[in-house]
Amino acid sequence: MTIKNQSSWEMHTDKAYPKLNAILDTDVVIVGAGITGIFNAYMLAQSGVRVVVLEEEENIVQGVTRKTTAFIESAIDTSFTELITLFGIDRAKLVYQSGQDAIQLFADIIAKEKIDCDYQTVSAYTYATTEKEFRELTREYTALKKS
Ligand SMILES: Cc1cc2nc3c(=O)[nH]c(=O)nc-3n(C[C@H](O)[C@H](O)[C@H](O)COP(=O)(O)OP(=O)(O)OC[C@H]3O[C@@H](n4cnc5c(N)ncnc54)[C@H](O)[C@@H]3O)c2cc1C
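Shown next, in the form of structure tokens:
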């Protein structure tokens, strides 16, 4: 088994982009060519919006994105239990569902654009290392099972 020590971003971002040396006419300008900027630019362009991405480095994805582990999870840092407390069950479900939708969107784009990035769906595990974490995890499991 060969383990690559470069991310897809590092292996596939050698394309040179032109410097901005003229006044452009566009609908949207996005500052920063990391995953956030590029993804938003892609979605806007798909909707027919004219978009320009400005990046201060020589190439795209030179920031945090370059070194990301690239796990795409539906869960966010705030637990489902806490989301229910903060926003109620319906909105908590909406947050969870939006995470699921985002994963599907990534899968669809990867398939549509034929992006060679070893994308695969795998299981994710959450585990407790203390009694307190175990109680929190049990609460989380119960809340998710109920909804
Ligand atoms: C080691 C590591 C592992 C991670 N693993 C995961 C993971 O598994 N799953 C996950 O979801 N997240 C993960 N993350 C977090 C994730 O990588 C970041 O949240 C994400 O890459 C941030 O993307 P970004 O586009 O917002 O920022 P960046 O990738 O930093 O992009 C910002 C860009 O804006 C440019 N810029 C800034 N200021 C200007 C300016 N004034 N003019 C022009 N350009 C400018 C920068 O040069 C840069 O290219 C990880 C992060 C790290 C460090």
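In this text, residue positions in the sequence shown follow my numbering: the first is -12, and each later residue adds one.
Note that CB positions come from ideal geometry on N, CA and C, so glycine has one too.
Model, not experiment: these values are computed from the prediction.
Out of curiosity, what's the CA-to-CA distance linking I59 and I90?
-> 6 Å
Spatial distance of A98 from T13 (CA atoms) | 28 Å
How many angstroms separate the CA atom of I47 from the CA atom of K6?
-> 12 Å
Do you know how far the Cα of A28 is from the Cα of K80?
-> 28 Å
Using a threshold of 8 Å, is the CB atom of A20 nearer than that to any non-hydrogen atom of ligand 1?
-> yes
How is L11 classed by DSSP in three states: helix, strand or coil?
-> coil
Alpha carbon of D77 to alpha carbon of Q84, nearest angstrom | 10 Å
Rounded separation between E44 and F26 - CA only | 18 Å
Do F67 and S(-5) come within 9 Å of each other at the CB atom, strictly closer than that value?
-> no
Counted within 10 angstroms of its Cβ, other Cβ atoms place L41 as buried (16 or more) or exposed | exposed
Taking the Cβ atom as the reference point for each residue, do V36 and L11 lie within a distance shorter than 9 Å?
-> no
Separation of R122 from A115, as counted between CA atoms = 9 Å
Collapsed DSSP secondary structure at I59 in the structure displayed | coil
Starting from V40 and walking both ways along the beta strand (DSSP E), at which residues does that stretch end?
-> 38 to 41
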